[in-house]
Amino acid sequence: MIAANLRHIGYVLRGNRLTALAGICASLLVITALAAPWLVPFDPTASNVPRALQPPNATYWFGTDQLGRDIFSRVLVAARLDLMIAASAVSLSFVVGAMIGGACGYVGGRLDRWVGRFVDVLMAFPLFVLAMALVAALGNKVENIVYATAIINLPFYIRFARAEVNVRRNLGWVEAARASGNSHTRVVLRFLLPNVLPAMAVQISLNLGWAILNAAGLSFIGLGVRPPTPEWGIMVAEGARFITTGKWWLVAFPGLALMSAVLCFNLLGDGLRDILDPRTRT
Amino acid sequence: MKLLTVARRTAWRFASSLPALFGVVIFTFVLMRLLPGDPAVFFASSPSAGKAEIEMIRKQMGLDRSIPEQLVRYLRDIGTGNLGRSMTTGQPVTNDLIRRLPASLELTVTALLIALTLALPAGIFAALRQNSLIDHAIRLLCTLGVCMPTFVSGLLFIFFFYYVLGWAPDPTGRIDIFLSAPPEITGLLLVDSAIAGNGEVFRAALHQLMLPASTMALFVLAPLARMTRASMLAVLTSDFIRTGESIGLSRRRIVLVYALRNALLPVLTITGIVFSTMLGANVLVEKVFSWPGVASYALDALLASDYAPVQGFVLLMASIFVMVNLTIDLLYGLADPRVSIE
C-alpha cells in the first residue's frame, strides 16, 4: 500500500520536475535549518571586531558583519528561527482555521454569519499593518510575531474550510455517517475535515512562503526578534546602514536566503495546486 | 437613467461597506485596550507625576468610565476627527497624518501605475504567445519578484543604482535637501511642482521617487501579470473572439478592444488585493528609503511606545482600503455594464 503510494507520487513528480525540485530544495532547507548548529564553521554570535566588515573570502564565505561575526554561520542558524516562526504560525492558523471554518460550514446559521463578519473585518485591514498593530498590542516578543502571523493567515483558512465543508455536508456519505450514529462533532472531525485536508495542505505550502516574508518583515522594522539573535530580517536591517557605502554582502546573503526559502515554498505550493487542480493553473 | 443606476449602486455599496468599517473601529478600540501601559501615565506631564495628577488625567480622558461608555466616547472622537495626540511630535495625530499622507499616497499610486503599465502588457503578451520563450521569461521574473522581500530588493536597488551606477540620488527622503519644495497645494510633490511650473523640482522629486516606487512595483508585478495572462487566455478562446476573427476584424482591435475589456474584471479584483499589499509594503519601503510618509511615522511612534499615532495609522489604512474596494466595485460597472444591472 505504502509502496504503491510512493510509486504513484514518483510518477506524478516525474511529470512535474520543477515541483519535484522545489520539494527537494524545501526538504534540504528544513534539514539545514535543523542541523545548522552542527554545520556552522563559526559561532554565529561571537563578535571579532578586528575582522569586521570583511568582504566574502575563503575563510568567511559570506563575509563578516560590523561586529566581525561570520555571516555564513548566521544565515545558516537563522534559518531555524525563521522557519520555526513561519511553521508554527501557519500550523496554528491551519488548525484553528480548519476548526472554525469546519464548524461554520457544517452548522451554518448564526455562527456562520458572525464568524463571516469577523473575517470581513480582519480582511478590511492591510494585513501587514494588522500584524504590526497586533505585535504592538500583544507586546514586542517573538511569540507574538507567531500569533500575529497566525491571525492574519486565519481568514484564508476559515474561508477555505468553510466553503469546502459546506459543499460536502449534505453529500450521501456524510448523511450515511450521521445515520450510523456518529455525533455531529465526530462527523466534522473524523469525516469532513480529513476529506478537506489535502486541498488545504496545498494552501499551507503557499502560506509558508508568505509567513516567512511577513515574519522577516516584522523583525526588519524592529519588532519581535532582538539582536544579537541571528534572524534574516534583522540581519538585513543591521546591514542596511552599510549599503550606501557599498558593503553589499551584509544585506545580500540573508536577503538571498530569505528569497530562496520563499521561492521553494511558493514553487512547491504552486506545483501541488496544479497537480491537484489543473484548472487553476495560471 | 444610467447615472441614477450608478448613483444608487454607489450608495448601496457604500452602505454595505459600513459594517466592515464599523468593525474596524471596534477592533482598533479593542487593540487600544490591549496595548500595554496606562495611557494616563503616558499623558502625565512628567514621569514623576503624582498619583493625584494621574487620577485627574484619567478622569479627563474618560478612562474611569465603563467600557461601553468609553467606546461611545471613542466613536464620538473619531467622528469629530480627534485621534489623540502624539507624544513624540506633540501634535494632534490627525494633523500629523494629514501632513504626511500625500507622501505615502504619491509613493503608492506611482508604484501602482508602474506595476500596471508593466504588468498589463506583459500579461497580454504572455497570453498571446503562450508557452513561448517570452511567456516563460515573464513568468520567471514574476515568480522571483514575489519572493523578493521589498526591504531586500529596495536595499539592493540602492546598492546598484546609487552606489555602483550612481544614477539614483541619495536614497533618503522625497527631495534633495538643497532644493526648496514648491508651494504646497496637494502635498504631492510631482503635482505641486508641475502646477508651479518648476521643472527642476519636478525632475528631482521624480528621481527620488523612482527607486522606492519601483521597489514596491516589483513586489506586486506578479499577481497583476499572472491574472492578466490567465484572464486574457480565458477570453481569447471564447466564441465572440472567433466570431470577431471570422468577420475580419484586425488582430489589434480584437485584442485591445474586445478581449482586453472582457479580461479586465478579474484584473480589477486583483488590483484591490494588490493595493492592500502595497499599503502594508509601504511600511517597509518607507523605512528603507527614509520616506516621510504615514507608515514611517507610525513605525517611529510604535518603536517609541507612542500608541495614539499607531491607532490613527491603522484606522487610516483600513479606511483607505475600504474606500479603494468601494471604488473598484464601482469601476466594475464601467468595465462591464452587466455588473450594474444585477
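Respectively, the protein sequence lines represent chains A and B. Counted the way the numbering used here counts, the first sequence spans residues 9 to 290. Counted the way the numbering used here counts, the second sequence spans residues 751 to 1092. Glycine is no exception: its CB is placed at the ideal position from the N, C-alpha and C atoms.
Does DSSP put residue i in a helix, a strand or coil?
i                : result
P262 of chain A  : helix
E1092 of chain B : Reliability fails at E1092 of chain B, whose pLDDT of 46 lies under 50, so the model's placement of it is uncertain and the value that follows must be treated cautiously. Three-state result, E1092 of chain B: coil.
T290 of chain A  : Here T290 of chain A scores only 48 on pLDDT, less than 50, and its place in the model should not be relied on; the value that follows carries that caveat. In this structure, T290 of chain A counts as coil in the three-state DSSP scheme.
T72 of chain A   : strand
R1002 of chain B : helix
R176 of chain A  : helix
R77 of chain A   : coil
R1011 of chain B : helix
R924 of chain B  : coil
R835 of chain B  : strand
F1039 of chain B : coil
G1022 of chain B : helix
K255 of chain A  : coil
D51 of chain A   : coil
Q62 of chain A   : coil
R281 of chain A  : helix
R763 of chain B  : helix
Is it right to say residue i is buried, meaning 16 or more other beta carbons lie within 10 angstroms of its own, or is it exposed?
i                : result
E1092 of chain B : Confidence at E1092 of chain B is low in this model, with a pLDDT of 46, below 50, so its placement is unreliable and no value can be given for it.
G916 of chain B  : exposed
W762 of chain B  : exposed
L89 of chain A   : buried
A223 of chain A  : buried
S903 of chain B  : buried
W256 of chain A  : buried
M1073 of chain B : exposed
Q880 of chain B  : exposed
Q841 of chain B  : exposed
Y824 of chain B  : buried
G247 of chain A  : buried
K801 of chain B  : exposed
Which residue marks the beginning of the alpha helix (DSSP H) containing residue i, and which one marks its end?
i                : result
Q211 of chain A  : L201 to F228
A187 of chain A  : G180 to A187
G1062 of chain B : Y1057 to A1085
Q820 of chain B  : I817 to G829
T27 of chain A   : R25 to L47
E934 of chain B  : That residue, E934 of chain B, is in no alpha helix (DSSP H); it is neither H nor E in DSSP.
W917 of chain B  : Premise fails: W917 of chain B is in no alpha helix (DSSP H) and is neither H nor E.
D1050 of chain B : V1044 to L1053
E246 of chain A  : W240 to G247
G904 of chain B  : T900 to F907
If the cut is a Cβ gap below 8 angstroms, which residues of chain A does residue i touch?
i                : result
G773 of chain B  : R125, F126, D128, V129 and A132
I1020 of chain B : Within 8 angstroms Cβ-Cβ: nothing; I1020 of chain B doesn't reach chain A, min ~11 angstroms.
M1067 of chain B : F133, P134 and V137
Under 7 angstroms between beta-carbons, which chain A residues line up against residue i? List them in chain order, please.
i                : result
T839 of chain B  : By Cβ distance, chain A contributes nothing, its closest Cβ being about 18 angstroms from T839 of chain B, past 7 angstroms.
L1015 of chain B : Under the 7 angstroms cutoff, chain A gives no residues; its nearest Cβ is about 16 angstroms from L1015 of chain B.
G1030 of chain B : P134, L135, F136 and V137
M898 of chain B  : M267
V1072 of chain B : A132
Which bits of chain B does residue i rub up against, with CB to CB less than 7 angstroms?
i               : result
W256 of chain A : F909
S221 of chain A : At residue 221 of chain A the sequence reads Leu, which differs from the Ser that was named. Those within 7 angstroms of L221 of chain A in chain B are P899.
At a CB-CB cut-off below 9 angstroms, which residues of chain B make contact with residue i?
i               : result
V270 of chain A : V896, C897, M898 and P899
C263 of chain A : Residue identity differs from the one stated: residue 263 of chain A is Gly in this sequence, not Cys. Within chain B, the residues near G263 of chain A are M898, P899, F901, V902, S903, L905 and L906.
Please list, in chain order, the chain A residues whose beta carbon lies closer than 9 angstroms to that of residue i.
i                : result
T893 of chain B  : L271, N274, L275 and D278
V1035 of chain B : By Cβ distance, chain A contributes nothing, its closest Cβ being about 11 angstroms from V1035 of chain B, past 9 angstroms.
L781 of chain B  : A141, L142, A144 and A145
Quick one: which chain B residues come within Cβ less than 8 angstroms of residue i?
i               : result
T157 of chain A : In chain order: nothing, as chain B lies at least about 13 angstroms away.
Where are the alpha helix (DSSP H) runs, 4 residues long or more, that stay fully inside the segment 964-998 of chain B, in chain order? 989-996
Suppose only complete runs of 4+ residues qualify. What are the alpha helix (DSSP H) ranges in the segment 837-884 of chain B, listed by chain order? 843-878
Which runs of the alpha helix (DSSP H) spanning at least 4 residues fall entirely within the segment 79-143 of chain A, listed in chain order? 79-115 and 117-131
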